[in-house]
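S.K.: Input: one structure, supplied below.
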Amino acid sequence: MTILTPEILNLVVPRPIIEVVRYRLFPLAALGFAMLAVLPAAATTIVPAADPGELALDSEAVFLARAGISRVVSRPSYLATTTELEVVSVVKGPLSSGSVIEVIVPGGVKNGIGWVVAGAPKLESGEVYLFFADRDPRGRWQPRLMADSVLRQAITEDGSKVFVPLEEASRLSRVGGFGHDASLVPGPVNKEKFIVALERRLAGKPGWDWAPLVRDDGSDLY
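As C-alpha cells, this is what we get:
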C-alpha cells in the first residue's frame with residue numbers, strides 16, 4: 444500500500460487543479476459588472492508547501508518585482524492575464540535586477556467573455572510583489588501555487604516594509620494535511636527578516652520559525 448505523503452502528493456499534483464466559471468457580460472455594462480461582483484468562482488485546489496522555505500526550494504525563482512501593464516490573452520479554451528514585471532531584486536533564480544519579464548495567471552475578461560479563477564492573484568500596476576515562480580512550457584513565468592506564492596509589499600505606519608498575503612489566497616482549497624486552510628503566510632511579515640529566512644533555507648539550513656517574522660502590532664498598512 445502506498446501512503447500519499449505531502450512529498451508524494453507534490454509529485455502527483457505538481458500544478459494547481461483549476462476550475463473556472465465562464466460568464467458573458469451583458470450589453471448593460473452596469474448590470475454585467477454587478478453580476479460579476481456576486482458571481483461565485485469554483486474552487487482551485489493546490490498541494491500547499493509546508494512553509495515558505497519549502498516553497499522557495501521547490502520554485503525555479505524567487506524574486507521581488509514591480510507590476511506594470513496587464514493584458515488579457517485568449518486561447519481556444521481559456522483566457523489568461525499577462526502582466527509586465529520589472530525585477531527589483533532576486534533571491535533565487537536566473538533573473539537579474541532591472542530586467543523586464545512577463546508573468547501569466549489564469550482568468551480575465553475579453554470581448555465580453557470572462558473567466559473567473561478562484562485563487563488567481565490579481566496584480567495592481569505600480570505595486571511591488573514577492574513571487575515564488577516557475578516557467579511554463581513557453582518560457583513564461585507563473586506563480587507556482589497561485590496566490591499562495593505571491594506576497595504584496597506594504598509599508599506600515601512606522602515606515603517598516605512588510606510582506607502581506609493576497610486576499611485571493613483565501614479562496615484556494617488546500618490538500619496535504621498541514622492542519623489548516625489558511626494562506627501560506629498568516630499575516631504581515633517583516634520584509635528583511637523574511638528574505639533572510641528564505642536565504643537560510645536555500646542555503647540548506649533546516650526549519651522555519653514564524654516568531655521573529657510576523658507583525659502583530661496592529662499597524663495600518665499603506
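Residue 444 is where the sequence shown starts when you use the numbering used here, and the numbers rise one by one after that. We put the beta carbon where it would ideally sit given N, CA and C, even for glycine.
Can you grab the Cα-Cα spacing for the pair residue 513 / residue 545, in whole Å?
M.R.: Roughly 9 Å between the two C-alpha positions.
S.K.: Is DSSP giving residue 642 helix, strand or coil here?
M.R.: Of the three classes helix, strand and coil, the one that applies to residue 642 here is helix, per DSSP.
S.K.: Whole angstroms are fine: how far does the CA of residue 631 sit from the CA of residue 609?
M.R.: One C-alpha to the other measures close to 10 Å.
S.K.: Give the straight-line distance between the Cα atoms of residue 628 and residue 553, rounded to the nearest whole angstrom.
M.R.: Whole-angstrom Cα-Cα distance: 32 Å.
S.K.: Taking the alpha helix (DSSP H) that residue 508 falls in, what are its first and last residues?
M.R.: No alpha helix (DSSP H) contains residue 508, which is instead part of the beta strand (DSSP E) from 504–518.
S.K.: I need the boundaries of the alpha helix (DSSP H) containing residue 501, first residue and last residue.
M.R.: That run of the alpha helix (DSSP H) goes 495–501.
S.K.: Are there 16 or more other CB atoms within 10 angstroms of the CB of residue 665, so buried, or fewer, so exposed?
M.R.: Legend: pLDDT at residue 665 = 46, less than 50; position of this residue unreliable, no value from coordinates given.
S.K.: Quick one: is residue 571 buried, meaning 16 or more other Cβ sit within 10 Å of its Cβ, or exposed?
M.R.: Label assigned to residue 571: buried.
S.K.: Please identify the residue among 501, 507, 503 whose C-alpha is closest to the C-alpha of residue 637.
M.R.: Per the Cα distances, 507.
S.K.: Quick one: is residue 523 buried, meaning 16 or more other Cβ sit within 10 Å of its Cβ, or exposed?
M.R.: It counts as buried.
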